[in-house]
Amino acid sequence: MRRALKSRYYDPQKLARIKNLQLLARTVVEGFISGLHHSLFKGMSAEFAEYREYMPGDDLKHFDWRVFARTDKRYVRQYEEETNLTCTLLLDCSGSMGYGSGGLSKFDYACCLAAALTYLMIQQRDQVGMALFGQDVRRRIPPSSTRGHMKRILDELQAARPEGETGIGACLHAVAERSAKRGLIILLSDLLDDQDAVMSALSHFRHNRNEVIVFNLFDRAERELSQDGLVEFIDMETSQTMQVRTEVIRAEYRRQFEEFISQYRRRCSAARVDYQCVTTDLPFELMLAAYLNRRKKWE
Amino acid sequence: MIHLLWMSLAVPVVIHLVHRRKASRVPFSTLRFFRILDRRVARRHRLKQLLLLAVRLLLLAAVIGALYQPVLRAGAAGSSRVPVAAALVLDNTYSMRAVDGGASRFERARSAALQVLEGLEQGDGACLIPFDAHGRRPGAVTTSLENMRRELERMQCGWGSAAGPDALRRAAAALAESTQPRKAIYVISDFQRLSWPPETVDVQPALPEKAPIFLLNVAQPLSKNLAVQDAQFDLSSPVVGAAGQLRCTVANTAAQQVSATIRLMLEGRAMARDEAVVEPGGLHTASLEHVFERPGPVSGQVELGPDQLDADNAFYFAMDVQERVSVLLVNGDPSSAPQDNETFYLDLALRAPGRGGQSHSPVSVRTVTPAELGDERLSDYGCVMLANVPRIPAGLARSLEAYVQGGGGLVVFLGSKTEAQNYNDSLSSILPARLKGALSSPGGAHLRRLNASHPALRGLAGEIKVERTRVNRMFDLEPLGSAVVLAAAEGFSSVAPPGGAQEAHPFLLERRTGAGACLLFASSADADWNNLPARPFFLPLLHKIVYYTSGLARSESGIVVGSRYELRLPRPQKPVTVSFYGPGSEDEPAATVSVAPDAQPCVAAFDGTARPGVYRAVWEAGGAQQTRQFAVNVDTRESKLACIEPERVAAMLGQDRAVALQSPEQARIESRRLSRGLGLWNYLFAAALALAALENWIGNGRRRGAGR
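If you're matching them up, the sequences are chains A and B in order.
The numbering of the first sequence is this note's numbering, which starts it at 1 and goes up by one.
The numbering of the second sequence is this note's numbering, which starts it at 1001 and goes up by one.
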């Protein structure tokens, strides 16, 4: 399955070599959109604007059958665009996000995904905001839908570094307290924190009638503990060390890890939070598709 | 060099230490999952590593230790080696010739003895004690183990039969003379029950103190074995033209029913045969008849087909076939009418032609009157028959006594002229009974109680229809001490005793005196007192009696293997050299014995009867070469293959010193342990193998767990 996905979409490892986030985001989004059969950017509003010649891929529900009957010409109706979605990207910048076994860290992956989502949403005239947090909220960018705003977000992403410890619960609570407007919350994090606190914060968003998508990011080596032999692991947040003979504990580790994920999945489902467990070798396009599915529900 | 190997013990330690320090440092997102893992996993891992280290160290130590070939000696640790004297008591009796399990018992026993020698070291001694030590002195303990080995390899199984206790005594005697401080006895045998009688326990005091006795049984059960236990001609001295009955007994000493052909072989030719089917533990008696056609020495054997123990399949005999037997008839009641002569029927019967196409009788008869008897040289006759001779003068009585003492056969028929008192007085030293008064029975008495096993009646008893015999008169005889009653007559009492059985009066008796015998008929030789001359059995009965009595002096029953044969010679004028030839050795005598004229007795003794067969003794006498054949047979008791458990023999010899071994290898191990101490290297190598397996198991434990 993964091999099939990689052949269809861009390999995240290769995309990550594009240092310009805007270019990367456009590459991802345009490539993703070109594979869809209908337009994403028109016809979202009820206010009619003009006709446009039908093009393959246009949604047939906007096809004007009367004009077609009278003139034998194919037109679709276009409407005044109207932004009705405010999305806030919450990016975990703690030290643990810096882990990556194949050159692409979780943080890099999260930045790329955030950039692509931002690009996509700005293209859709949605308002995009962002908050970077570690142990506390480090940076907060209020929502906007201008192209200049997108550049600002991308600049912030390029400037951000994973460091420090994690305080996901407190940070999310803080963000939830300050965002009065109902919207879409996209959390990009490895969620390696107290699970109750994280779920409490997510419930806070839901309480504010926000839709929430959680991209729980992991590196595959981190998930499978693929290292061999006696290994001294250094905690990237606390710098604590622990010597482990991996072949001795691997099975037990995997079991614990999968239990961790399955608990998040179960609790998010209970809280009606869209939970996506993502390993950094999965194409970004799949995450965009997950977003769009959620976006449709919003409509 | 081996000492340097101890340094290799450092290898697992170094590996252990290096392995511990090889941890790679890897930044990781979180340690939370490691922390919540059971800490016992880590502890278990450390324990496993330490255990692996210990196992590897022990493994190396075991291998290196084994290379030292350490031994565990009895006594103080570190004591120097004490030389051992081992007595190899080897069963070489003929039952060891049995082939079971693809090899003979003796071959297995020899192999086991060689293994014992293999366990000895330089300075140790050994001696070989055969069960059957015939013809050889029990060897002294020798330290030349190589010579002992060669002697064992050359050794052949014997034909004798011997008891285990005797062999043990000889072993004890040999060990008593050895200089080695430690002694041991190895008994390698098939443990026949008859070799280990209950008296075995009496050997204990003779055995050397603290000397262990190891008992090794090399026998496996036999399924098929017939043994010829006995074979005898009814005629000890056959005569040309006289039918000889050879009676042989065959025993089944194995576990399965066996059918076999019994053959009478004479001079290499099969003369008669009989088929036998014998149940396990059963006996079969065969009767093979043969009529000798020419005089002279003859030898042969009764033989069976091959089975698992061939040694007891043949029984040898040797005889001298006589041209004719001379019989002197003494007519005590002569008459001008031939048919009224007292010896009429005797003469008629004895002159009948012999069997086997002979035109003349095997018996040469001469009849004389009592008065002429004194002129006869009795030694010219094989048998003298007195028929109704009235009285025996004292001089004649002495001649008859000397004649019987010298091997002659005297047959006495009584009658109306017999003076009982005179007989009782003059012939008391040779007659088998005292003569009392005459008995009469108008109705006629009958012969009863025939002694069918007596050689003179053997084969005839069935032919005598006793109810058709009639005895009107006879002498009442009072048997003397050594007399044997061959037949009795019933019917002389008019009133039956309360028990209902008639009183039996001895009718025919035998008494052996010196080398000869005297047979006494209570009735007459003619038909005056009885009807025996008219009965069909009269002729063969007379012939058998003649052959029996006339051959007594020359009868030579065979001897068993290992026995001494003594050839009695007439006193020579000058020294006589007697050469003894064994079976199959026609040219080279087995032994040569000189007999001096003044030797007392004048006997040539031969001890080389080591194997069964027909032997010859050849000597010069009177300018002519004389030959005497004699048969040597195995002791058929040895064919009884019932075994006794070595553990029971061990119990009889003392549980504290006698041990039953299970295999020849164990004998070698015991021998080595005694000589060098208990070799520990085998155990160390075994421990090393076990440790290697343990190390592999421990080392792969996690992988097994992961596989699950």
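Here a beta-carbon is modelled for each residue, glycine too, at the ideal position from N, C-alpha and C.
List the endpoints of the continuous beta strand (DSSP E) containing histidine 1505 (chain B). 1504–1513
Taking just the CA atoms, how far does alanine 1590 (chain B) sit from alanine 1604 (chain B)? 14 Å
Could you check what DSSP says for glutamine 124 (chain A) in three-state terms: helix, strand or coil? coil
Going by the beta-carbon positions, is the gap between threonine 1253 (chain B) and alanine 1276 (chain B) smaller than 8 Å? no
Does any CB atom of chain A fall closer than 8 Å to the CB of isoleucine 1709 (chain B)? Not covered by the structure: residue 1709 (chain B). The range shown for chain B is 1001 to 1708.
Integer Cβ distance of proline 1390 (chain B) from glycine 1437 (chain B), believed to fall under 8 Å: Wrong, their Cβ atoms sit about 16 Å apart, outside the cutoff.
Closer than 8 Å, CB to CB, is phenylalanine 107 (chain A) near chain B or not? At least 8 Å separates the CB of phenylalanine 107 (chain A) from every CB of chain B.
What is the rounded straight-line gap between the Cα of glycine 43 (chain A) and the Cα of leucine 292 (chain A)? With a pLDDT of 39 at glycine 43 (chain A), under the threshold of 50, the modelled position of that residue is not reliable, and no figure is offered here.
Look up proline 1393 (chain B) in the DSSP assignment and say whether it is helix, strand or coil. The answer is coil: DSSP assigns proline 1393 (chain B) none of H, G, I, E or B.
Against chain B, which members of the segment 241–259 of chain A pass a CB distance test of less than 8 Å? Thr241, Met242, Gln243, Val244, Arg245, Glu247, Val248, Ile249, Arg250, Ala251, Glu252, Tyr253, Gln256, Phe257
Contact the segment 1411–1420 of chain B vs the segment 1380–1388 of chain B: 3+ CB pairs below 8 Å: The segment 1411–1420 of chain B vs the segment 1380–1388 of chain B: in contact.
Ordered along the chain, which non-local residues of its own chain (more than five positions away) have a Cβ less than 7 Å from that of proline 1070 (chain B)? Excluding sequence positions up to five before and after proline 1070 (chain B), its CB lies within less than 7 Å of the CB of Leu1680, Trp1681, all in the same chain and listed in chain order.
Helix, strand or coil for glycine 1078 (chain B)? Go by DSSP, reduced to three states. Any reading at glycine 1078 (chain B) must be qualified, since the residue scores a pLDDT of 48, below 50, and its modelled position is unreliable; no value is offered.
Report the three-state DSSP secondary structure of lysine 1183 (chain B) (helix, strand or coil). In this structure, lysine 1183 (chain B) counts as strand in the three-state DSSP scheme.
Would you list the residues sitting across from methionine 1265 (chain B) in a DSSP beta bridge? B:Ala1270, B:Gln1301
Closer than 8 Å to chain A by CB, alanine 1692 (chain B): no
Under 8 Å, do arginine 1657 (chain B) and serine 1161 (chain B) count as touching if we go by C-beta distance? no
Mind checking which residues open and close the alpha helix (DSSP H) that includes valine 1116 (chain B)? 1105–1118
What separation, rounded to the nearest whole angstrom, lies between the Cα atoms of leucine 1264 (chain B) and glycine 1622 (chain B)? 35 Å
Between B:Ile1392, B:Gly1281, B:Gln1322, B:Asn1313, which lies nearest to valine 1330 (chain B) when the distance is taken from Cα to Cα? The residue with the shortest Cα to Cα distance from valine 1330 (chain B) is B:Ile1392.
Using the C-alpha atoms, what's the distance from threonine 1200 (chain B) back to leucine 1090 (chain B)? 17 Å
Taking any Cβ of chain B, which residues in the segment 186–201 of chain A have a Cβ under 9 Å from it, in chain order? Along the segment 186–201 of chain A, the positions whose C-beta sits under 9 Å from a C-beta of chain B are Asp190, Leu192, read in chain order.
Alpha-carbon to alpha-carbon, histidine 1543 (chain B) and leucine 1477 (chain B): 24 Å
Apart from the five residues just before and just after arginine 254 (chain A), which ones in its own chain have a Cβ nearer than 6 Å to its Cβ? none
I'd like to know if phenylalanine 1685 (chain B) contacts chain A, where contact means its C-beta is closer than 8 Å to some C-beta of that chain. no
For isoleucine 1698 (chain B), which residues of its own chain have a beta-carbon under 8 Å away from its beta-carbon, when the five flanking residues on both sides are left out? Lys1048, Leu1051, Leu1052, Val1055
Quick check on methionine 242 (chain A): does DSSP put it in helix, strand or coil? strand
Specify the secondary structure class of glycine 43 (chain A) as computed by DSSP and reduced to three states. Low local confidence applies: a pLDDT of 39 at glycine 43 (chain A) is under 50, so the model's placement there is unreliable, and no value is given.
Below 7 Å on C-beta distance, what does glutamine 227 (chain A) contact in chain B? Val1026
Whole angstroms is fine: what's the gap from valine 1595 (chain B)'s alpha carbon to serine 1563 (chain B)'s? 20 Å
Enumerate, from N- to C-terminal direction, the unbroken alpha helix (DSSP H) stretches of 4 or more residues contained entirely within the segment 1285–1358 of chain B. 1344–1350
Under 9 Å (Cβ pairs) to chain B, residues found in the segment 110–136 of chain A: none
Should proline 283 (chain A) go down as buried or exposed, given a rule of 16 or more other Cβ atoms within 10 Å for buried? buried
Close-in-space but distant-in-sequence residues of the same chain around phenylalanine 1521 (chain B) (CB under 8 Å, 5 per side omitted): Val1411, Val1412, Phe1413, Leu1414, Phe1507, Leu1508
Please classify leucine 1017 (chain B): is it buried, with 16 or more other beta-carbons within 10 angstroms of its beta-carbon, or exposed? Exposed, by the Cβ-count rule.
Please identify the residue among B:Ser1441, B:Ala1687, B:Glu1695 whose C-alpha is closest to the C-alpha of alanine 1066 (chain B). B:Ala1687
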